[in-house]
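In our numbering, the protein residues as written are -11 to 198. Here is the structure we will look at.
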Ligand code: AMP
């Protein structure tokens, strides 16, 4: 299955992508994680991306399109993949079409802005592997420590409340129009984010028929 997850920052795309990945054994590809990794390692691309990410803006299309093109050509994508956080603009969606990628389903996880702002303040990510947690909704087994790799859990710089508002603005202006873009292809499905993570997952799996 070739799947795109759409949704505002903090809507839970990353967590649902991990769960779908476990269920279907296909890779979950997060441009955000790849960019953060590059920033941590101080690569050329990471240095280019840093100021955009920290200000809550999108990294230029040509940079992310290049990252995705390379990633999707890897062998592990042959049987499908989950795109978490890409595309985020119409030109990115057009670039994906031009690569000849046939997407099966585009699932949008719907969460109101107000709830997002509340949720983001409790979000924690592993500084080593990028796994995502929440101090209330998705607690790690041991406080401050990643279940998967034992790495330290930290607050993302761009999860600060003022940056979250900027990211939501960018989402509504640049990413939300993708719903119309994919609705026209008949591939768009919606799942409404719930208070309980497991309830959202049930709706996501049902929408995907998995
Ligand atoms: P995320 O972890 O998906 O919320 O991404 C974190 C940040 O990485 C975003 O706020 C953007 O600055 C950048 N980013 C991730 N994916 C994209 C994309 N597809 N297009 C542009 N910028 C992106």
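Using N, Cα and C, we set each Cβ at its ideal position, and we do this for glycine too.
Nearest to residue i (by Cα), restricted to the options the options
i	options	result
residue 2	153, 121, 178 and 158	121
residue 27	16, 40 and -3	40
residue 142	179, 119, 158 and 154	119
residue 159	109, 135, 74 and 111	74
residue 173	72, 95, 139 and 76	95
residue 183	72, 81 and 107	107
residue 66	49, 24 and 16	16
residue 64	12, 83 and 82	12
residue 125	50, 188, 72 and 35	188
residue 32	181, 163 and 55	55
8 Å Cβ cutoff met for residue i and residue j
i	j	result
residue 99	residue -1	yes
residue 97	residue 156	no
residue 53	residue -8	no
residue 70	residue 9	yes
residue 153	residue 167	no
residue 145	residue 68	no
residue 77	residue 101	no
residue 93	residue 196	yes
Where residue i falls, given that 16 or more other Cβ within 10 Å makes a residue buried
i	result
residue 88	exposed
residue 198	exposed
residue 62	exposed
residue 46	buried
residue 165	exposed
residue 136	exposed
residue 134	buried
residue -3	buried
residue 19	buried
residue 179	buried
Per DSSP, cross-strand counterpart(s) of residue i
i	result
residue 180	98
residue -5	97
residue -10	69
Residue ranges of each beta strand (DSSP E) within the region 101 to 146, 3 or longer:
DSSP runs (the beta strand (DSSP E)) wholly in the region 101 to 146: 111 to 114 and 120 to 122.
Can you check the region 13 to 95 for any alpha helix (DSSP H) of at least 4 residues that lies completely inside it and give the ranges in chain order?
Listed in chain order, the alpha helix (DSSP H) runs fully inside the region 13 to 95 are 19 to 29, 32 to 42, 49 to 60 and 78 to 86, counting runs of at least 4 residues.
Which ranges does the alpha helix (DSSP H) cover as unbroken runs of at least 4 residues, wholly within the region 148 to 173, from first to last along the chain?
Complete alpha helix (DSSP H) runs here, min 4: 149 to 158 and 165 to 171.
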